[in-house]
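For the sequence shown, this note's numbering assigns the number 10 to the initial residue and increments by one for each residue that follows. From the three backbone atoms N, C-alpha and C, an ideal C-beta is built for every residue, glycine too. These numbers come from a predicted model, not from an experiment.
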Amino acid sequence: MRSVMVQIPNTPTSADVARLAGVSRATVSYVLNNTSAVRISEPTRRRVHEAARELGYVPHAGARSLRAGHSRLVLMPAPAIPMGPLYNRFINELQWALGRLDYTVVQYGSVGLRGDEAARAWAELRPVAVLVPGAEMGPGGVQVLKRSGARAVVTLGPGRVEGAHALLMDHAAVGHCAGAHLYERGRRRIGVVLPEETALEAYSRPRLAGVRQALRGTDATVTELPLAYTEEAAARLAARWRESGLDAVFAYNDEYAMLLMRALQDEGARVPRDVALVGADDLMLGRLLRPRLSTVHIELPSGRDLAELVDRAVRDPGGEPEVRKVLGASVVPRESS
Numbered sequence: 010m011r012s013v014m015v016q017i018p019n020t021p022t023s024a025d026v027a028r029l030a031g032v033s034r035a036t037v038s039y040v041l042n043n044t045s046a047v048r049i050s051e052p053t054r055r056r057v058h059e060a061a062r063e064l065g066y067v068p069h070a071g072a073r074s075l076r077a078g079h080s081r082l083v084l085m086p087a088p089a090i091p092m093g094p095l096y097n098r099f100i101n102e103l104q105w106a107l108g109r110l111d112y113t114v115v116q117y118g119s120v121g122l123r124g125d126e127a128a129r130a131w132a133e134l135r136p137v138a139v140l141v142p143g144a145e146m147g148p149g150g151v152q153v154l155k156r157s158g159a160r161a162v163v164t165l166g167p168g169r170v171e172g173a174h175a176l177l178m179d180h181a182a183v184g185h186c187a188g189a190h191l192y193e194r195g196r197r198r199i200g201v202v203l204p205e206e207t208a209l210e211a212y213s214r215p216r217l218a219g220v221r222q223a224l225r226g227t228d229a230t231v232t233e234l235p236l237a238y239t240e241e242a243a244a245r246l247a248a249r250w251r252e253s254g255l256d257a258v259f260a261y262n263d264e265y266a267m268l269l270m271r272a273l274q275d276e277g278a279r280v281p282r283d284v285a286l287v288g289a290d291d292l293m294l295g296r297l298l299r300p301r302l303s304t305v306h307i308e309l310p311s312g313r314d315l316a317e318l319v320d321r322a323v324r325d326p327g328g329e330p331e332v333r334k335v336l337g338a339s340v341v342p343r344e345s346s
């Protein structure tokens, strides 16, 4: 049997980049690791980057972690539910800002894992920071992550977790805005759509509470309207609308509002004459509907500010956890209400 010799190309090293660029290996390290403590001229930086591209050289993350004493990996557990365009824009801005600070952001799918069990799975990757959406982790999970080397644990949700930095998202304010707006428009029998997805309860229940708070002490009534995100479920709800006697609805968000509006119109209900409708998130699609959808505009925290918080915590892991109230809400009145 005839043998064939296969030549495996050598993996380029920083020494190869240094020779091609005519600089030292230390200079290559400074340039490719964005080290700010050493001044490197712009022409030298260009030569190093051009040499690295020509050779196909990529810095070794593991080696960089050993030198720094920690990784540059920021872990974001992927939500188990679709979060929509608003959240996606926030994540994109955050990833860009962390990348500018020389961190690598990884979204981790942890479907089926919750609480401390999920924290142990995240800890196996040895991230330097973990950004946890929702209320999925307790103090035990924070300690698991810190013992594995995480210098920053940041939660984004309605409440604090001991030992973690917290961005508190007041979803009750979203519902309060919607309820107050509908009351000001003369509506007194107000329905509130609650998605049947249990994973959304951390957001939908505070929004319902916000509507109730806005209408407390008035002559208005609030009716809960559980709804699955399907055309069939919306059609069944719309078919019972006249007997419900409701004259307005806050539909959790714009997607549920659009789903319900179509079903109500198919049943002959006139929006807003028979039913005033308000969503939340201020999506572009809501402006394209007829009638145009009234909504609650939500201001998420700045991705750049959160990236700077992560960076401060990584640099000073022993500092006191920061707690901030974020998520502004304001009504955008349009034709549907």
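Where the beta strand (DSSP E) containing residue i begins and where it ends
i, result
"Thr36", "First-last for Thr36: 34-41, but that is the alpha helix (DSSP H), not the beta strand (DSSP E)."
"Leu236", "230-236"
"Leu165", "161-166"
"Arg28", "Careful: Arg28 lies outside any beta strand (DSSP E), inside the alpha helix (DSSP H) at 23-30."
"Gly200", "198-204"
"Arg156", "Per DSSP, Arg156 belongs to no beta strand (DSSP E); it is in the alpha helix (DSSP H), 148-156."
"Glu308", "304-308"
"Arg324", "Run containing Arg324: none in the beta strand (DSSP E); it sits in the alpha helix (DSSP H), 312-324."
Span separating the alpha-carbon of residue i from that of residue j
i, j, result
"Gly328", "Val137", "15 Å"
"Gly65", "Pro21", "7 Å"
"Val335", "Tyr212", "14 Å"
"Arg54", "Pro68", "15 Å"
"Leu246", "Glu233", "12 Å"
"Arg197", "Arg251", "15 Å"
"Val163", "Gly288", "29 Å"
"Arg343", "Arg296", "8 Å"
"Arg62", "Arg321", "32 Å"
"Arg282", "Gly188", "18 Å"
"Val340", "Val258", "14 Å"
"Asp25", "His58", "12 Å"
"Arg156", "Arg135", "10 Å"
"Arg28", "Thr113", "28 Å"
"Val231", "Ala208", "23 Å"
"Leu107", "Glu317", "8 Å"
"Pro52", "Asp111", "21 Å"
Minimum C-alpha distance to residue i - residue among the options
i, options, result
"Ser345", "Ala132, Val332, Asp263, Val162", "Asp263"
"Ala248", "Val151, Ala278, Val305", "Ala278"
"Ala229", "Pro235, Arg221, Leu236", "Arg221"
"Asp256", "Arg34, Ala244, Tyr192", "Tyr192"
"Ala183", "Ala260, Pro86, Ser38", "What sits at residue 183 in the sequence shown is Val, not Ala. Looking at the Cα atoms, Ala260 is the closest of the given residues."
"Arg324", "Asn42, Ile49, Arg81", "Arg81"
"Pro300", "Ala266, Ser33, Glu205, Val340", "Ala266"
"Gly158", "Glu133, Arg34, Met270", "Glu133"
"Ile49", "Thr36, His58, Pro167, Ala60", "Thr36"
"Pro167", "Ala218, Leu84, Leu298", "Ala218"
"Leu236", "Arg216, Glu206, Ser253", "Glu206"
"Leu84", "Leu268, Leu103, Arg225", "Leu103"
"Arg194", "Arg160, Gly124, Val284", "Val284"
"Met178", "Ile199, Pro215, Pro204, Val319", "Pro215"
"Arg271", "Met293, Ala244, Ile199", "Ala244"
"Thr227", "Leu203, Leu209, Ile199, Val280", "Ile199"
"Asp347", "Leu292, Ser253, Glu240, Leu302", "Nothing about residue 347 can be read from this structure; the chain reaches only from 10 to 346."
"Leu203", "Leu286, Ser253, Tyr238", "Tyr238"
Residue i, enclosing alpha helix (DSSP H) - first and last residue
i, result
"Val220", "210-224"
"Gly184", "181-193"
"Tyr112", "Run containing Tyr112: none; DSSP gives neither H nor E here."
"Val57", "51-64"
"Leu268", "263-275"
"Arg48", "Segment: none, Arg48 is in no alpha helix (DSSP H) and carries neither H nor E."
"Leu294", "293-297"
Beta-carbon proximity list for residue i, same chain, < 6 Å, skipping 5 on both sides
i, result
"Arg333", "Leu176"
"Ala338", "Ala182, Val183, Cys186, Val305, Ile307"
"Leu75", "Unreliable placement is indicated for Leu75, whose pLDDT of 47 sits below 50; the coordinate value is still reported in the next sentence. Around Leu75: no qualifying Cβ."
"Ser23", "Arg34, Val37"
"His190", "Val340"
"Glu171", "Pro148"
Residues near residue i by beta carbon distance below 8 Å, same chain, minus five either side
i, result
"Met14", "In this predicted model, Met14 has a pLDDT of only 48, less than 50, meaning its place in the structure is not dependable enough to derive any value."
"Gly31", "Arg56"
"Asp314", "none"
"Leu298", "Met267, Met270, Ser345"
"Val153", "Asp125, Ala128, Arg129, Ala132"
Contact set for residue i: own chain, Cβ-Cβ below 7 Å, skip 5 residues either direction
i, result
"Ala173", "Val151, Val162, Val163, Thr164, Pro330"
"Asp290", "Gly93, Leu95, Asn262, Asp263, Thr304, Ile307"
Any non-hydrogen atom of the ligand GDP within 7 Å of residue i CB
i, result
"Ala106", "Absence of the ligand GDP is noted for the structure shown, with no ligands found whatsoever."
### Query
Is the number of C-beta pairs between the stretch 96-103 and the stretch 32-43 that are closer than 8 Å three or more?
no
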